[in-house]
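Q: In my numbering, the protein residues as written are 48 to 300. Beta carbons are placed, not taken as given, at the ideal position from N, Cα and C, and that holds for glycine. For reference, the structure I am asking about is given below.
Right under this line is the structure:
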């Protein structure tokens with residue numbers, strides 16, 4: 048039975064990849080999960096898995112730094128949200144890559160390739176890692192804080208990974224927070240206050256103690272007969288009230 052390790056500093060991404068792998072490769076044994084590159088190195092040396100799924104961007108040590116130390120002992124698959132890195136990883140000799148969030152169809156292709164390489168010597172990643180490290184180095188000065196990119200939400204009995212770019216707004220709904228997109232609404236167990244700290248403040252504005260709106264989804268602001276500011280959202284028929292504490296956001300409107 049093949050053994051694998053998953054390394055990603057985002058818990059939701061680890062859980063989602065683990066679930067997808069269990070679906071498309073039920074015989075694969077996930078022996079450990081790591082939250083940074085150094086943990087991945089230590090666990091690979093201890094547990095000796097056949098495969099390591101490594102997020103390219105992780106704290107302490109990156110996935111590239113981890114791959115330098117363990118790439119000769121197990122097959123490496125890079126996990127990334129960045130297409131350009133994934134393409135380079137694949138063309139440069141790595142077995143394969145997984146784009147976040149892992150989709151079943153794409154992962155089935157990856158699994159098929161992995162099975163063919165099991166038992167063979169891991170690919171030499173030296174030149175590839177140098178090239179990717181250079182790319183990451185070029186991007187470093189423009190690096191931004193790590194804000195939420197995906198929301199794991201419930202739609203009935205289904206769990207869905209929702210890109211934050213698709214979210215029109217978040218609003219408190221009793222014990223839950225409602226996630227509204229153009230196509231559907233979902234629920235998460237995360238309070239608005241916590242969400243506000245994890246979302247990019249330039250892309251998401253809190254306009255009420257119970258509401259956060261996607262700035263890119265704002266169509267306009269109007270006033271009702273009582274003088275309250277109401278935000279009109281693209282792709283949504285209702286309007287969102289702006290409380291006095293946040294009215295300064297729209298003083299130019």
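My assumption, with CB atoms under 8 angstroms, is that residue 50 sits in contact with residue 96. Please give the rounded CB distance.
A: 4 angstroms
Q: Per DSSP, what kind of secondary structure is residue 52 in: helix, strand or coil?
A: strand
Q: How big is the Cα-Cα spacing for residue 204 and residue 233?
A: 11 angstroms
Q: Between which residues of its own chain and residue 80 is the CB-CB distance below 6 angstroms, once the five residues before and five after are set aside?
A: 53 and 61
Q: Look up residue 294 in the DSSP assignment and give the residues it is bridged to.
A: The partner list for residue 294 (beta bridge, DSSP) is empty, contrary to what the question assumes.
Q: Check whether the region 171-180 and the region 103-122 are in contact - that is, three or more C-beta pairs closer than 8 angstroms.
A: Contact between the region 171-180 and the region 103-122 is present: three or more C-beta pairs spanning the two stretches fall below 8 angstroms.
Q: Going by the CB atoms, is the gap between residue 200 and residue 239 shorter than 7 angstroms?
A: Cβ distance not < 7 angstroms, so residue 239 and residue 200 don't count as in contact.
Q: Can you tell me whether residue 169 is buried or exposed? The criterion is at least 16 other CB atoms within 10 Å of its CB, across all chains shown.
A: buried
Q: I'd like to know whether the C-beta atoms of residue 226 and residue 214 end up nearer to each other than 7 angstroms.
A: yes
Q: Report all residues from its chain with a CB closer than 7 angstroms to the CB of residue 121; omit the five preceding and five following residues, and keep chain order.
A: 91, 96, 97, 98, 99 and 169
Q: Closest to residue 283 by C-alpha separation, out of 257, 231 and 252, would be which residue?
A: Each of 257, 231 and 252 was checked against the Cα of residue 283, and the nearest Cα belongs to 231.
Q: Within a Cβ cutoff of 7 angstroms, which residues of the same chain sit near residue 82, ignoring the five residues on either side of it in sequence?
A: 56
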